[in-house]
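Those letters in the sequence shown? Residues -17 to -1, 1 to 200, per mature numbering (1 follows the signal peptide of the UniProt record, and there is no 0), in order.
Just so you know, even glycine gets a beta-carbon here, dropped at the ideal spot from N, CA and C.
Take a look at the structure below.
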Amino acid sequence: MKKNFVIILFISAFTFAVTSCKDKAKEATTTAAEAVEEVVNAEAYTVNKDASTIAWKGFKPTGTHTGTIAIENGVLDVSNGNIVGGTFLIDMNSIVVTDIPAEDEKNAKLTGHLKSPDFFDAEKYPSAGFTITGLEEVEGKMMLSGNLSLKDAKNNVTFPVSVTNENGVVTLTSETFTIDRSKWNVQYGSKSFFDNLGDKFINDDIELKVSVSAAKS
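Written out as structure tokens, the structure reads:
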């Protein structure tokens, strides 16, 4: 009986792990940061921070956590109705956890830990940044590329997006994608940096969905 219980427990854990992996979105193509070309003859669209956000999801063996991060400010450069450049800042002190009730002390504990030097060190690095380096159609999908600056590292990431331009408002919405936090030196609980973590590790993948709305300045 005990042996059967152990087998069932193992199968359940294995099934959870496989399901979690399948549920994850595709990782964004990540390369070295690219040079940013100067944009000329483009209109500046100011990002509406109240209508823009980043949703995130983190993974660990025992489950997931979800939340949001606010976009602090930014500008999209638009020419002939198309996005040709732009940049926006991400407020790392605005991290919110949504899977734990706000009044639960575990919410504040996790939020504080994410802002601490263990993770994003929001006191030292209060803002992250994203600067667009390209937007092109690839096999029927619009692919956005940009330099993501997070903590003390910068890499170029490419992921699929949709873009609308209606009544003087440009909206850029990404598909859900993941980034590997270890490439930005976010080390806590990462198997990329530490051995012998057992089941105490936290996956390197962070799932993101970006939505940016901007209007003519």
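Can you tell me whether DSSP reads residue i as helix, strand or coil?
{"i": "N(-14)", "result": "Any reading at N(-14) must be qualified, since the residue scores a pLDDT of 47, below 50, and its modelled position is unreliable; no value is offered."}
{"i": "residue 207", "result": "The first residue shown for the chain is -17 and the last is 200, placing residue 207 beyond what the model contains."}
{"i": "N130", "result": "strand"}
{"i": "L118", "result": "strand"}
{"i": "S196", "result": "strand"}
{"i": "D33", "result": "helix"}
{"i": "C4", "result": "The predicted model places C4 with a pLDDT of 45, which falls under 50 and marks its position as unreliable; any figure quoted below should be read in that light. Of the three classes helix, strand and coil, the one that applies to C4 here is helix, per DSSP."}
{"i": "A27", "result": "strand"}
{"i": "N168", "result": "coil"}
{"i": "E190", "result": "strand"}
{"i": "K40", "result": "strand"}
{"i": "S175", "result": "coil"}
{"i": "D182", "result": "helix"}
{"i": "E55", "result": "strand"}
{"i": "N63", "result": "coil"}
{"i": "G112", "result": "strand"}
{"i": "E106", "result": "coil"}
{"i": "K9", "result": "coil"}
{"i": "G123", "result": "coil"}
{"i": "A18", "result": "coil"}
{"i": "T45", "result": "coil"}
Work out the CA separation of residue j and residue i for me, nearest whole Å.
{"i": "G95", "j": "D82", "result": "15 Å"}
{"i": "S157", "j": "K192", "result": "6 Å"}
{"i": "M125", "j": "L155", "result": "11 Å"}
{"i": "D60", "j": "D182", "result": "45 Å"}
{"i": "T13", "j": "A198", "result": "29 Å"}
{"i": "A34", "j": "A53", "result": "10 Å"}
{"i": "E190", "j": "V23", "result": "34 Å"}
{"i": "residue 246", "j": "S165", "result": "In the structure displayed, the chain extends from -17 to 200; residue 246 sits before or after that span and is not available."}
{"i": "T(-3)", "j": "N148", "result": "Only weak support exists for where T(-3) lies, its pLDDT of 40 falling under 50; the value from the coordinates is given anyway. Straight-line Cα distance between these residues: approximately 43 Å."}
{"i": "I66", "j": "S110", "result": "23 Å"}
{"i": "L180", "j": "N150", "result": "53 Å"}
{"i": "L133", "j": "T49", "result": "19 Å"}
I'd like to check one pair, residue j with residue i: are the Cβ atoms closer than 9 Å?
{"i": "I78", "j": "S194", "result": "no"}
{"i": "E20", "j": "S62", "result": "no"}
{"i": "N168", "j": "A16", "result": "no"}
{"i": "F102", "j": "Y171", "result": "yes"}
{"i": "A8", "j": "T159", "result": "yes"}
{"i": "I115", "j": "G68", "result": "yes"}
{"i": "V152", "j": "L118", "result": "no"}
{"i": "D163", "j": "D135", "result": "no"}
{"i": "T45", "j": "V58", "result": "no"}
{"i": "P143", "j": "L127", "result": "yes"}
{"i": "K89", "j": "P100", "result": "no"}
{"i": "F184", "j": "S173", "result": "yes"}
List the whole-angstrom C-beta distance separating residue i from residue j, where the pair is believed to meet the contact cut-off of C-beta under 8 Å.
{"i": "G112", "j": "I73", "result": "7 Å"}
{"i": "E10", "j": "K32", "result": "Not quite, the Cβ-Cβ distance comes to about 27 Å (not below 8 Å), so this is no contact."}
{"i": "N186", "j": "K43", "result": "6 Å"}
{"i": "W39", "j": "T51", "result": "7 Å"}
Quick check on the DSSP output: the alpha helix (DSSP H) that includes residue i runs from which residue to which?
{"i": "A91", "result": "88 to 98"}
Along the chain, where does the beta strand (DSSP E) containing residue i start, and where does it finish?
{"i": "V137", "result": "First, the amino acid is wrong: residue 137 is Lys here, not Val. Unbroken beta strand (DSSP E) run through K137: 136 to 149."}
{"i": "D163", "result": "160 to 163"}
{"i": "T156", "result": "152 to 157"}
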